[in-house]
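Taking it in order: structure first as structure tokens, then the write-up.
Numbering (this note's numbering), first residue to last: 201 to 859.
Given below as structure tokens:
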């Protein structure tokens with residue numbers, strides 16, 4: 201196992217202690233034989249005390265060795281488990297969406313928990329007990345042969361069947377344990393889906409149905425575990441039976457030899473003890489075999505994850521982005537080009553991800569081209585499923601297009617290192633995922649110390665550009681002005697402070713600062729899983745603040761204002777105009793109000809650009825964009841009229857109102 205290589209020195213020390221402890225333990229019965237024979241022969245008490253003291257000393261030293269062998273070998277197994285967990289988790293983070301598509305979350309969780317525990321048991325206790333079995337058995341066999349070779353042969357005769365039993369039962373244990381782990385992964389997936397989709401389950405009143413499904417899955421899990429338990433229950437008695445037959449031989453044949461004086465009483469007692477030393481490891485061998493088979497099955501499942509290869513990776517000879525035009529620390533925008541881009545999502549068939557055949561391909565984007573200059577704002581509108589999200593997700597290379605190419609400042613995205621490309625981008629996806637951490641930590645997510653220095657200077661420049669927003673300026677405390685880069689760098693070394701100037705600036709632009717100020721713990725408020733204790737609009741604003749805090753050169757907003765009201769949307773858009781000044785921005789939205797001020801607008805339909813131009817030009821064209829504008833204006837008029845009627849009804853129905 202390659203994960204044991206870094207610990208080979210400590211492993212060798214631990215195994216030496218195992219062998220040494222077994223050697224010391226095997227000498228004790230020999231000394232006991234001498235003591236019994238000396239006692240029968242009337243030896244002086246001094247000799248008996250010497251033998252007794254030697255046995256006690258060997259037992260103490262052997263016990264000390266056994267303690268440290270467990271400490272070392274079990275410690276190594278824990279560290280191997282930690283290394284494996286880190287490796288698997290890091291590998292999973294390196295995989296793109298296409299590579300992860302065949303895997304269910306519950307299955308991966310099972311491999312990161314139960315399977316790793318099985319590998320740990322194989323890497324620690326199993327190796328320790330196997331070595332102890334071999335060493336202890338070898339020493340016992342040597343002393344047994346010295347006492348009587350013929351009796352030893354007869355005692356070991358029933359154990360000739362041991363390899364056959366071990367191989368046969370070991371293979372069955374491997375197969376059944378693999379089946380148990382596979383079903384545990386499926387059951388974990390069901391639990392994870394029900395917990396994450398609890399609102400849907402309750403809304404459709406499926407609690408009982410889901411409970412029945414889980415009960416059936418749990419019953420199957422128990423059935424498979426019982427099948428494995430029955431096999432384990434057969435294994436140890438089988439090994440014990442073979443060893444027990446040897447004890448019967450010793451009692452029958454060895455007792456007769458002792459009675460006839462062929463061997464001494466002390467030798468007979470010692471032989472019985474040595475047979476016991478040989479018998480117990482043989483019985484434990486069933487448990488060790490079980491551990492190794494479980495570990496082998498689990499390691500194969502872990503290797504299967506590690507063998508999964510990312511479909512998106514950095515180029516072997518990566519290119520570099522040209523320096524920013526103004527050479528400033530605060531980043532400006534970069535030129536973004538789509539050249540005849542075509543993309544379709546990979547298909548999932550029988551657990552394998554691959555491209556669909558040409559006849560079945562459903563293109564998410566086809567023949568998309570545009571040239572967005574540095575600092576430009578591109579609006580993307582279209583119906584659900586028109587390809588808006590796919591277009592934005594191609595920019596940070598969450599997917600790669602099958603046709604055409606995408607360039608950033610003239611450099612193909614495929615030629616850029618992934619970390620360099622993604623450092624340039626601030627992405628707000630449709631689903632605003634927040635972590636179980638503080639509000640401040642969520643906004644500062646991915647903000648490294650050197651990025652924080654750039655963000656502070658960028659925030660100062662953005663603040664200068666938005667001085668006209670007096671209300672926002674008044675909300676800021678006197679000591680929360682944009683800090684020096686040195687102050688920000690110092691704060692970066694100690695984590696997210698409350699209030700963190702960079703975080704607070706980003707939250708202020710996203711219209712979240714006042715909301716967070718109302719929380720009891722402010723920016724130190726802990727969020728629940730996926731930000732469950734925030735509303736949809738608050739989560740979206742937190743995601744926008746997270747993207748802005750890094751001051752990226754390219755900002756992607758994927759329907760990022762869908763959960764906020766029109767008043768808040770207008771305030772956020774107003775603040776974003778100043779904050780994003782000079783940044784290259786792509787906004788995908790179903791609301792015309794979010795894209796009407798864009799320097800260029802694309803209208804997508806079934807993945808193709810059907811209209812493009814500026815807002816006024818597209819309205820004058822009278823096509824699909826104009827139809828969307830008319831429909832949304834009508835919806836706004838209806839909502840406004842309904843609101844007015846509601847206010848009027850409330851006024852009439854209020855008895856305290858003046859007549």
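We treat Cβ as the ideally placed atom computed from N, Cα and C, and that holds for glycine.
Here DSSP, grouped into helix, strand and coil, assigns residue 612 to strand.
In terms of Cβ geometry, residue 578 and residue 801 form a close pair [threshold 9 Å]. The alpha carbon of residue 280 has as its nearest neighbour, out of 202, 243, 563, the alpha carbon of 202. By alpha-carbon distance to residue 372, the top candidate from 491, 708, 775, 749 is 491. Linking residue 749 to residue 704 through their CA atoms gives a straight-line distance of about 9 Å.
The C-beta of residue 569 has fewer than 16 other C-beta atoms within 10 Å across all chains shown, which makes the residue exposed. Taking C-beta atoms as the reference points, residue 709 and residue 775 count as a pair closer than 9 Å.
Its Cα nearest to that of residue 764, the residue 772 stands out among 233, 772, 757. Look at residue 480 here: in three-state DSSP terms it is helix. Excluding five sequence positions before and after residue 742, the CB atoms of its chain that fall closer than 8 Å to its own CB belong to 632, 634, 639, 642, 643, 707, 710, 712, 731, 734, given in chain order.
In this structure residue 255 does not touch residue 239 by the C-beta definition: roughly 14 Å separates them, more than the 8 Å allowed. For residue 250, the uninterrupted alpha helix (DSSP H) segment begins and ends at 245–294.
The beta carbon of residue 297 sits closer than 8 Å to those of 598, 599, all from its chain and outside the five residues before and after it, given in chain order. Straight through space, the alpha carbons of residue 235 and residue 251 are spaced by roughly 6 Å.
The three-state secondary structure of residue 566, taken from DSSP, is strand.
Under the three-state reduction of DSSP, residue 375 is assigned to helix. Contact annotation, residue 225 with residue 274: C-beta distance approximately 19 Å; criterion of less than 8 Å not satisfied.
The beta-bridge partner set that DSSP reports for residue 755 consists of 626, 785. Taking 3 residues as the shortest admissible run, the segment 571–619 contains the following complete beta strand (DSSP E) segments, listed from N- to C-terminal end: 577–582, 603–608. Within the same chain, Cβ atoms closer than 8 Å to the Cβ of residue 312 are found at 285, 288, 289, the five residues on either side in sequence being excluded. Pairwise C-beta distances place the segment 503–519 out of contact with the segment 375–393, as fewer than three of them are shorter than 8 Å. Under the three-state reduction of DSSP output, residue 504 falls in the helix class. Residue pairing for residue 230: DSSP places it in no beta bridge. A distance below 6 Å between beta-carbons, with the five flanking residues on each side excluded, links residue 825 to the following residues of its chain, in chain order: 803, 811, 818. Following the DSSP letters along the chain, one finds residue 336 in no beta strand (DSSP E) but inside the alpha helix (DSSP H) bounded by residues 327–347.
Two segments are said to touch when three or more pairs of C-beta atoms, one from each, lie closer than 8 Å; by this definition the segment 257–267 does not touch the segment 474–484. Boundaries of the beta strand (DSSP E) harbouring residue 813: 808–813, taken from the DSSP string. CA-CA distance, residue 453 to residue 248, rounds to 29 Å.
Taking 9 Å as the cut-off, the beta carbon of residue 616 is found no closer than this to the beta carbon of residue 510.
Take residue 455, set aside five residues on each side of it, and the residues of its chain with a beta-carbon closer than 8 Å to its own are 468, in chain order. In the three-state reduction of the DSSP assignment, residue 638 falls in the strand class, which pools E and B. Residue 764 sits in coil when the DSSP states are folded into three classes, being neither helix nor strand. For residue 572 against residue 536, the beta-carbon gap comes to about 5 Å, under 8 Å, which counts as contact.
Between residue 596 and residue 780, the C-beta spacing is not below 9 Å. As DSSP reads the structure, residue 541 sits in a beta bridge with 568. Shown here, residue 714 sits in a helix according to DSSP, grouped into three states.
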